[in-house]
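In the UniProt record's numbering, the protein residues as written are 1 to 385.
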Amino acid sequence: MKKPIIEFKNVSKVFEDSNTKVLKDINFELEEGKFYTLLGASGSGKSTILNIIAGLLDATTGDILLDGVRINDIPTNKRDVHTVFQSYALFPHMNVFENVAFPLRLRKIDKKEIEQRVAEVLKMVQLEGYEKRSIRKLSGGQRQRVAIARAIINQPRVVLLDEPLSALDLKLRTDMQYELRELQQRLGITFVFVTHDQEEALAMSDWIFVMNDGEIVQSGTPVDIYDEPINHFVATFIGESNILPGTMIEDYLVEFNGKRFEAVDGGMKPNEPVEVVIRPEDLRITLPEEGKLQVKVDTQLFRGVHYEIIAYDELGNEWMIHSTRKAIVGEEIGLYFEPEDIHIMRLNETEEEFDARIEEYVEIEEQEAGLINAIEEERDEENNL
C-alpha cells in the first residue's frame, strides 16, 4: 500500500451532553487518489467521521493524520481538505463566478489567476458560460456542480462529500454519479463520499466502509462486499439477499433446507452452524424436477429490467428471485444455482477474523493448486519421453 494520505488511529467520539458514543475506536488508512465511500444508515457515524476529518468536530480520543501529520488541533481552514455539503452551502447573493472564486479571494490570489482558475474548473463541471448566472436561477444539478467547482478550486488533497446527491431526482442523481467519478479520476484527488444509498456506493467507489452503530462492520471493494458479505447486516444492507440457516458439513459442502449442496467456501469447522446467502439474481427458474429446490410462486412485480418474484418452499422459507422470465402466481417452479452462487457466513464473525480466515484459506488453495500443477507437469514430461 502507498503512504496513506489520511489515517484514523483508535478514533472515538462521545457527545457529552447525551453521553452517546457515536464512534467506537475507528481505524483506517486512505490512499491518495482513490474514491472512498462511508456507507451506512442514518446515525451510523459516517457523517461524524467526515466532520472530524474536516475539523468541524473534535475526536474524543485517538489520532487523525493527514500526510503523516497529526491534525487533531489544526483548525478547519488550515487543513488541506474541502467539504461539499448536502445543502451545497452556496452564497445566494453571489453569482456563479463569485461563489467559485470565493476561496481564492480569501487567499488574496491575483485577479488574473482567479479568472483563469475559475474558467478551468467551470469547464471541468460543464458550467462554461454560467459565470454571471444567479445561484437562485440554477437547477439542483447546476448548484451541485457549482459546489463541486468551489471545492476543487484550491486543489485540495482531499474532497469530502456529505450526501451531496440525495436532494436530486433519480435521473440527475445517476448522471451526477458518472460525472463525479469521472472528475475524481481526472483530478487524481482523494474523494471521501458519505451516503446511505447502496447503489451509489457500489457504482462509484474504489473502496467502501460499511458502517453500523458507530463501527466499521466491513471494508473492501464494491465487488468483494457484494459477493462476500461478512454478516447478516451487510448481506441485507448491500442489495437483496436470500439468507437461510445452514450447517457447514465440511469444506465445499453445506447443508440447508434439509439438503446438501456443493459450495466453494471453506476454512470452517466440520458441522459448524452458518448462514447461507444466495442473491436473487443468481437463482434460475427451471421446471420443478430440474431445480435443486422447489418453490411455489406467491407474488411478482415487474421492475423494468426483471420480474421480482416472491416464492415459498415447503419449509416456509421465503425466496426472492430476479428473473427476466415471467412466472405464474400459484405455480410450482424449480430453482437452480451453481456452487459459486452460494456464499457462506459464519455467525458473529468479526472483520479481522473474516480477513484472516480468507487469507489462510486462499494460501491453502494456492498451495494445493501448485501441487496439482507440479503433478501435471511431471506427467507431461513422462508422456513426452
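Every residue, glycine too, gets a C-beta built ideally from N, C-alpha and C. Owing to the predicted nature of the structure, the values given are computational and were not obtained by experimental measurement.
Are the beta-carbon atoms belonging to E131 and V96 less than 7 Å from one another?
-> Here residue 131 is taken as the residue at index 131 of the sequence shown, counted from 1. Here residue 96 is taken as the residue at index 96 of the sequence shown, counted from 1. Contact: yes.
Could you tell me which residues DSSP pairs with V69 in its beta bridges?
-> For the purposes of this step, residue 69 is taken as the residue at position 69 of the sequence shown. In the DSSP assignment, V69 forms a beta bridge with L66.
C-alpha gap between L38 and E378, whole angstroms | Residue 38 sits at position 38 when you count from the first residue of the sequence shown. Residue 378 sits at position 378 when you count from the first residue of the sequence shown. C-alpha of L38 to C-alpha of E378: approximately 50 Å in a straight line.
Tell me, to the nearest whole angstrom, how far the beta carbon of D63 is from that of N72; I am working on the premise that it is less than 8 Å.
-> Start at 1 with the first residue of the sequence shown, and residue 63 comes out as number 63. Start at 1 with the first residue of the sequence shown, and residue 72 comes out as number 72. Sure, about 6 Å apart at Cβ, within 8 Å.
Is I135 closer than 7 Å to L90 when the C-beta atoms are compared?
-> Here the question's residue 90 lines up with position 90 in the sequence shown. Here the question's residue 135 lines up with position 135 in the sequence shown. Contact flag set, yes.
CB-CB under 6 Å to Q300, same chain, minus the five flanking residues each way: which ones, in chain order?
-> Reading the sequence shown from its first residue, position 300 is the one you call residue 300. Taking Q300 as the centre and dropping the five residues before and after it, the same chain places the C-beta of Y307, I309, A327 closer than 6 Å to its C-beta, in chain order.
When V84, L56, L283, G258 are compared against V159, the one with the closest alpha-carbon | Indexing the sequence shown from 1 puts residue 159 at position 159. Distances from the alpha-carbon of V159 to those of V84, L56, L283, G258 put V84 closest.
Return helix, strand or coil for residue 428, following the three-state DSSP convention.
-> In the structure as shown, the chain begins at 1 and stops at 385. Residue 428 is therefore absent and cannot be evaluated.
Helix, strand or coil: how does DSSP classify residue 386 here?
-> Given a span of 1 to 385 for the chain in the structure shown, any question on residue 386 remains unanswerable.
Would you be able to state if there are at least three C-beta pairs under 8 Å between the stretch 38 to 50 and the stretch 211 to 225?
-> The answer is yes - the stretch 38 to 50 touches the stretch 211 to 225, with three or more Cβ pairs under 8 Å.
Could you check what DSSP says for K9 in three-state terms: helix, strand or coil?
-> Within the sequence shown, the letter at position 9 stands for residue 9. Correct three-state label for K9: strand.
The beta strand (DSSP E) spanning residue 402 covers which residue range?
-> Examination of residue 402 is not possible in this model, given that the chain is present from 1 through 385 alone.
Taking E314 as the reference, which of E128, E332, H82 has the closest Cα?
-> Here residue 314 corresponds to residue number 314 of the sequence shown, with the count starting at 1. Here the closest residue by C-alpha is E332.
Are there 16 or more other CB atoms within 10 angstroms of the CB of K259, so buried, or fewer, so exposed?
-> Position 259 of the sequence shown, counting from 1, holds the residue named residue 259. Burial check for K259: the Cβ neighbour count within 10 Å stays below 16, so the residue is exposed.
Give the secondary structure of T48 by DSSP, where H, G and I count as helix, E and B as strand, and everything else as coil.
-> Locating residue 48 in the sequence shown gives position 48, where the first residue counts as 1. DSSP places T48 in helix when its eight states are reduced to three.
Since F193 sits in a beta bridge, which residues does DSSP pair it with?
-> Translated into positions along the sequence shown, residue 193 becomes position 193. DSSP, once it has assigned bridges, lists T37, L161 as partnering F193.
Per-residue DSSP class, three states only, for G330 = In the sequence shown, counting from the first residue as 1, residue 330 sits at position 330. In this structure, G330 counts as coil in the three-state DSSP scheme.
Backbone secondary structure at P280 - three-state DSSP = Here residue 280 is taken as the residue at index 280 of the sequence shown, counted from 1. Of the three classes helix, strand and coil, the one that applies to P280 here is helix, per DSSP.
Residue environment, V329, which counts as buried when at least 16 other CB atoms sit within 10 Å | Along the sequence shown, read from residue 1 onward, the residue named residue 329 stands at position 329. V329 comes out exposed.
First through last residue of the alpha helix (DSSP H) which encompasses L148 = On the sequence shown, residue 148 is found 148 positions in, with the first residue counted as 1. The question names Leu, yet the displayed sequence has Ile at residue 148. 140 to 152 is the span of the alpha helix (DSSP H), which, as asked, contains I148.
Closest Cα partner of residue 388 within the set V217, G267, L168 | With the chain represented from 1 up to 385, any question about residue 388 goes unanswered, as that position is not in the structure.
Same chain, Cβ closer than 6 Å to F28, neighbours up to 5 away in sequence not counted = By one-based count along the sequence shown, residue 28 stands at place 28. The answer, listed in chain order, is F8.
Rounded to a whole number of angstroms, what is the C-alpha to C-alpha distance between R143 and K78?
-> On the sequence shown, position 143 is the one that residue 143 refers to. On the sequence shown, position 78 is the one that residue 78 refers to. About 26 Å.
Please report how far the alpha carbon of T60 lies from the alpha carbon of K24, in whole angstroms.
-> On the sequence shown, residue 60 is found 60 positions in, with the first residue counted as 1. On the sequence shown, residue 24 is found 24 positions in, with the first residue counted as 1. If I take the Cα positions, the gap works out to 10 Å.
K111 - DSSP class collapsed to helix/strand/coil | Here residue 111 refers to the residue found at position 111 when the sequence shown is read from its first residue. In the structure shown, the three-state DSSP call for K111 is helix.
Do V100 and V118 have their CB atoms nearer than 7 Å?
-> Working through the sequence shown from its first residue, we reach residue 100 at position 100. Working through the sequence shown from its first residue, we reach residue 118 at position 118. Contact: yes.
Alpha carbon to alpha carbon, how far is E115 from E275? Give it in angstroms, no decimals.
-> Counting from one through the sequence shown, the residue named residue 275 turns up at place 275. Counting from one through the sequence shown, the residue named residue 115 turns up at place 115. Going by C-alpha positions, E275 is about 59 Å away from E115.
Taking the alpha helix (DSSP H) that K171 falls in, what are its first and last residues?
-> Residue numbering aside, residue 171 sits at position 171 when the sequence shown is read from its first letter. In the DSSP annotation of this structure, the continuous segment of the alpha helix (DSSP H) that includes K171 starts and ends at 170 to 187.
Nearest to T20 by CA position, among S44, K2, K34, is which residue?
-> For the purposes of this step, residue 20 is taken as the residue at position 20 of the sequence shown. From the listed residues S44, K2, K34, the smallest Cα separation to T20 is found for S44.
If we ignore side chains and look at the alpha-carbon of each, how far apart do R346 and N231 end up?
-> Locating residue 346 in the sequence shown gives position 346, where the first residue counts as 1. Locating residue 231 in the sequence shown gives position 231, where the first residue counts as 1. A direct Cα-to-Cα measurement between R346 and N231 gives close to 7 Å.
So is P222 buried or exposed if we call it buried at 16+ other beta carbons inside 10 Å?
-> Counted from its first residue, the sequence shown places residue 222 at position 222. P222 is buried by the Cβ-count criterion.
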